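Residue numbers (the working numbering), protein chains in the order written: chain W, 977 to 1707; chain D, 32 to 245. For every residue, glycine included, the Cβ atom is placed at its ideal position computed from N, Cα and C. Remember, it's a predicted structure, so these values are computed and weren't measured experimentally. Take a look at the structure set out below.
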Amino acid sequence: MSPQPQAAVGAPLSRVDGRLKVTGEAQYAAEFDVDGVVHAVIVDASIGRGRIAGVDTRDAEAHPGVLRVIHHRNAPKLPYRDNPGSNNLPGRRLRVFQDDKVLFHGQPVAVVVATTLEAAQHGASLVKVDYDAEQPSTDLAEAEAGEPTKYARGDAEAGLRESAVRMDLTYRMARNHHNPMETHATIARWDGGKLTVWDKTQWVVGTQTELSTVFDVPLKSVRVINPFVGGAFGSGLRCWPHTVVAALAAREMKRPVKVVLTRRQMYFGTGFRPSYEYRLRLGSDQRGRLRATVHEMDAETSSYETFEEGVMLAGQMFYSTPNVSQAYRKVPLDVNSPIWMRGPGFANASFAIESAMDELAHRLRIDPIELRLRNEPAEDESNGLPWSTRRLRECYTVGAREFGWDRRNPKPRSRRDGDWLIGLGMAGAVYDPNNMAAKARARLNADGTAVIEAASSDMGPGTYTSQAQVAADALGLAMRAVDFRLGDSLYPQTPPHGGSMTMMCVGSATLDACDKIRRQAIKLAVEDEESPLYGAKAEDIVVRSGRLHVQGTPARGETYQRLLTRNNLSRLEADGSWAGPSDPERHSYYSYGAVFTEVGVDATLGLVRVRRMLGVYDCGRIVSPKLADSQALGGMVGGIGQALLEHTVTDHRDGRIVNADLAGYLVPVNADIPEIKAIYLEGEDMQADPLGVKGIGEIVQVGVASAIANAVFNATGRRVRELPITAEALL
Amino acid sequence: MSSELPESSVPPPTGADEPASAPTRRTFIATTAVGGAVVAGGVIGGTLLLDDDVAAAEAPPESRVSLTVNGTRRTVTVDNRTSLLDLLREHFGLTGSKKGCNAGACGACTVLVDGRRVNSCLTLAVRLEGAEVTTIEGLAEGDELHPLQKAFIEQDAFQCGYCTPGQIMSGVGCIKEGHTDSPEEIREWMSGNICRCGCYVKIVRAVEQTAGRK
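This is the structure in structure tokens:
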């Protein structure tokens, strides 16, 4: 942090955009009033694999209001240049309306453009598509895996053989869909060769580069705007086919086009957290110290792209283990491509690893926390680096105390409350926050207000608020004098708004820009003979509430306003940047947590209800405590969904997702959530970045599913190794 | 072809002047949406059968409807397939009411019709002759926010903000109905509104705080 006094950072402030959100004035992608806009509805493939034999658009085109139906036979060829550095996955990205191939159920095969939404929707139902259908392969358990990504240290098989205690456990995790409340949507408008899109995305720069390469137009000719994101959790990390459809249709129609995915289309029009089969073999000594672990992970990907996520890291660094081997196999299926979802990789790995540790603790009759403490590594054993900060022990201690862990009876099925079997469970959590280069631009106006711009996003964590907090302190301004702007590709480039990196990367760039401006102003003052600060030492000067003064001598100073006005300056400006990870890394950076929960399981119905939950987190400095608390509770709610409700049911005969709606794909509702609580350990990680933050958005979902599974075991004596944990598994 | 069940697949009536009191399927849809706003309606979805009999070449039937939205009387001619939600968002520019599922399962579109909370995505606009509709845009008194809007900001009862207008309108209904005697009761009666960011604990606090002040 800068030498500035901290007033805004760390204060429990309300959201700066709160009023816009509670009055309905915040504008999301589909809500921009673009003159002359027409509506487009996508027709999606009703087979899981094969070819389009024919498209009959006569009825659709005859429908009043329908302007045109675009499909592979009349669509222009698009360049689809490579887009390196994007979040496109290795492989060959889906190219809309470029050929007759159907790669998965729900793939866009046509789009109906009409003057009204009603006409476009009805028109879409009138397009008749004939197919030559083939049998799709959509079952993870049946399909063949690709070449594995491997990791090894020591000799894991030998380590297992030599271990006194051996376990061989297989865990299965269902596919999860992000299901943000706002469905993905795009409005596209061409003005000559220039394209403007209002697109739901976590990365306006990513949509910009994708459209630039798909249509082969200069990057500068594409502008992407998205000031508010109605949730995303990862679904907005890459540019999806419907965004190209909107831009393509707008170009063909020579007028702006709006595409809003239906809830159903979200299930194959955007990505998902892939389903997993995770086999974990572990060996330990009689005291529970791990000797060896062997991790075999199979996860679904699409036939046209290979999706990978950080599912291997936890198995390499979370516990001290001399012998580790891992094989991570991607299984290509006739489905659309997955994408990272909250706590990517770690949320799945932790279900396997943290359930297995609970199983080991039970077998050895060791308290689960004690077992974890016995396996705490002194350094990152995957690379030999020291930890920057790793306060996992404190997470366990504080959590155990606050939650009342000592009241847990280690004997399963030993507590009852009427019909309900009561159980307590816990799990450790870890996440590797991403770190990429970012930029920001700051401007201090002569009236003492400031504007900071960065092409970032705010999908809910409160970027507007927390970045303004950083800027306010660095500039020495009140929060109300700071306006942080984001969600426009014209602003300085930032990495994707995901992977828990916005505070670290964009925040550090914001801090840099604002520090530079403050220093410019101080230099101006101490060199200005007319300033009361003339001749003072620059390093002695601080700024509070827009007034520069000598530290300890508040009387000697002046405001930004006076200083700039006297010097005939309308503004001071500075560009800030964050370089990303240092090379080579000198520390190993992770966020940590411990999750505790109490569940009730209906003894006859098998129904699981979460009764209490506590998360304790080591995430470095918390910039915006009120908002960070919300984020943690939200992550736990997401974890409860992953643990007990969320799964996608695919009809393997034709690859159709049977429950592609919110009545069939269940997510937690209010009645599912009891009073839950989060604690962030006070502190900072100054090795990580100048703000001392480590990122919180992902870690808060990690470990929840395993804590619940462990509590279910404690309640019932039944070990469920498959997510979600349903009543059927407990009957 | 899409197997979607959009509201447009509800067959438009042959005569636009059909009396509102006739117990037609459409009446059933509208009244169920009004009465069943709290819980997602499988029954409601079940009535929305795909109907390919609609003559494609005919001009879509339109109707005139007069309704009051946030205190302003408005008379419009609408495509009979238009939901109240689409009327608000696409025709009136009132985008505060959100489309989350268009099937009555998420509550993001919740508005008050004649004082009762309804899923506006399941309510056909043409059924609302003479109705009084209040949306999130009409909740504040000028610059003075409704107490529940203030409570949502104070309690930080939202993150992305997309479900928020629906949560607040539903909360206003919940308080008015008197379903606020305990956190458990609030949870139950606010369960028709999904918040994917997971702000439920704070939504309950905001409703509780506002109900307590009444």
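Query                                                                                                                                                              : Result
Interface residues of chain W around T113 (chain D) at Cβ under 7 angstroms?                                                                                       : E1094
Name, please, each residue of chain W whose Cβ falls closer than 8 angstroms to the Cβ of R218 (chain D).                                                          : N1646, A1647, I1649
V1599 (chain W) and C191 (chain D) look like a contact to me (Cβ under 8 angstroms); what is the Cβ gap, rounded to whole Å?                                       : Actually they are not in contact, since the Cβ atoms of V1599 (chain W) and C191 (chain D) sit about 19 angstroms apart, beyond 8 angstroms.
Which residue wins for smallest C-alpha separation from A1095 (chain W), given the options D:L98, D:P91, D:L118?                                                   : D:P91
With DSSP as the reference, label I234 (chain D) as helix, strand or coil.                                                                                         : helix
I want to verify the contact list: residues of chain D whose CB lies under 8 angstroms from the CB of D1274 (chain W), in sequence order.                          : Result: empty, since nearest Cβ-Cβ is about 28 angstroms, beyond 8 angstroms.
Any residues in the stretch 1138-1158 of chain W with a beta carbon nearer than 9 angstroms to a beta carbon of chain A? Which ones, in chain order?               : Going by chain labels, chain A is absent from the structure shown, which instead holds the protein chains W and D.
Who pairs with S1567 (chain W) in a beta bridge, going by DSSP?                                                                                                    : W:Y1407
Any Cβ of chain D within less than 9 angstroms of the Cβ of L1583 (chain W)?                                                                                       : no
Between the alpha carbons of E1616 (chain W) and S1278 (chain W), how many angstroms are there, rounded?                                                           : It is Ile, not Glu, that sits at residue 1616 (chain W) in the sequence shown. So the two alpha carbons sit approximately 27 angstroms from each other.
What residues match up with P932 (chain W) in a beta bridge as DSSP calls it?                                                                                      : Because chain W spans 977 through 1707 in this model, residue 932 (chain W) falls outside it and cannot be assessed.
Which runs of the beta strand (DSSP E) spanning at least 3 residues fall entirely within the stretch 1100-1137 of chain W, listed in chain order?                  : 1104-1109, 1125-1129
Along chain D, which residues have their Cβ under 9 angstroms away from the Cβ of D1108 (chain W)?                                                                 : Near D1108 (chain W) there are no residues of chain D at all, since even the closest Cβ is about 16 angstroms away, more than 9 angstroms.
Which residue marks the beginning of the beta strand (DSSP E) containing L143 (chain D), and which one marks its end?                                              : 141-144
Below 8 angstroms CB to CB, which residues in the same chain sit around R218 (chain D) once its five sequence neighbours on both sides are set aside?              : Y231, V235
If we ignore side chains and look at the alpha-carbon of each, how far apart do V1072 (chain W) and V1221 (chain W) end up?                                        : 7 angstroms
For the beta strand (DSSP E) containing P1217 (chain W), list its first residue and its last residue.                                                              : Where P1217 (chain W) is concerned, there is no enclosing beta strand (DSSP E), although the alpha helix (DSSP H) it sits in stretches over 1217-1229.
Tell me whether I60 (chain D) sits in a helix, a strand or coil according to DSSP, three-state version.                                                            : Legend: pLDDT at I60 (chain D) = 39, less than 50; position of this residue unreliable, no value from coordinates given.
Kindly indicate which three-state DSSP category V107 (chain D) falls into: helix, strand or coil?                                                                  : strand
Please report the distance separating the alpha-carbon of A1570 (chain W) from that of R1255 (chain W).                                                            : 23 angstroms
Let me check understanding here. Comparing Cα to Cα, which of D:N111, D:E160, D:T126, D:A242 lies closest to I167 (chain D)?                                       : D:T126
At the 9 angstroms Cβ level, is P178 (chain D) part of the contact set with chain W, yes or no?                                                                    : no
I need the DSSP call for G72 (chain D), collapsed to helix, strand or coil.                                                                                        : Since pLDDT at G72 (chain D) reaches only 29, below the 50 mark, its modelled position is unreliable, and the value read off the structure follows with that caveat. Correct three-state label for G72 (chain D): coil.
Would L1609 (chain W) count as contacting chain D if we go by Cβ distances under 9 angstroms?                                                                      : yes
Return the chain-ordered ranges of every alpha helix (DSSP H) run that is complete within the stretch 1476-1527 of chain W and spans a minimum of 4 residues.      : 1483-1502
For my contact list, I1428 (chain W) and T1486 (chain W) are in at a C-beta cut-off of 8 angstroms; report their separation, rounded to the angstrom.              : 6 angstroms
Which of helix, strand or coil does DSSP assign to W1381 (chain W)?                                                                                                : helix
Could you check what DSSP says for H1015 (chain W) in three-state terms: helix, strand or coil?                                                                    : strand
Between W:S1113, W:Q1097, W:G1122, W:K1492, which has its C-alpha nearest K1306 (chain W)'s C-alpha?                                                               : W:G1122
If you pair each beta-carbon of the stretch 1570-1579 of chain W with each one of the stretch 1627-1646 of chain W, do three or more pairs fall below 8 angstroms? : no
Pull up the distance between the alpha-carbon of N1064 (chain W) and that of L170 (chain D), whole angstroms please.                                               : 43 angstroms
Would you identify the three-state DSSP class for R1348 (chain W), choosing helix, strand or coil?                                                                 : helix
Specify the secondary structure class of H1271 (chain W) as computed by DSSP and reduced to three states.                                                          : strand
Taking only beta-carbon positions, decide if L100 (chain D) is within less than 9 angstroms of chain W.                                                            : One detail in the question is off: residue 100 (chain D) reads as Val in this sequence, not Leu. No, because no Cβ of chain W sits closer than 9 angstroms to the Cβ of V100 (chain D).
So, are the CB atoms of L1289 (chain W) and A1332 (chain W) less than 9 angstroms apart?                                                                           : no
For the stretch 189-201 of chain D, which residues have a beta carbon sitting closer than 7 angstroms to at least one beta carbon of chain W?                      : F189, Q190, C191, G192, Y193, C194, T195, P196, I199
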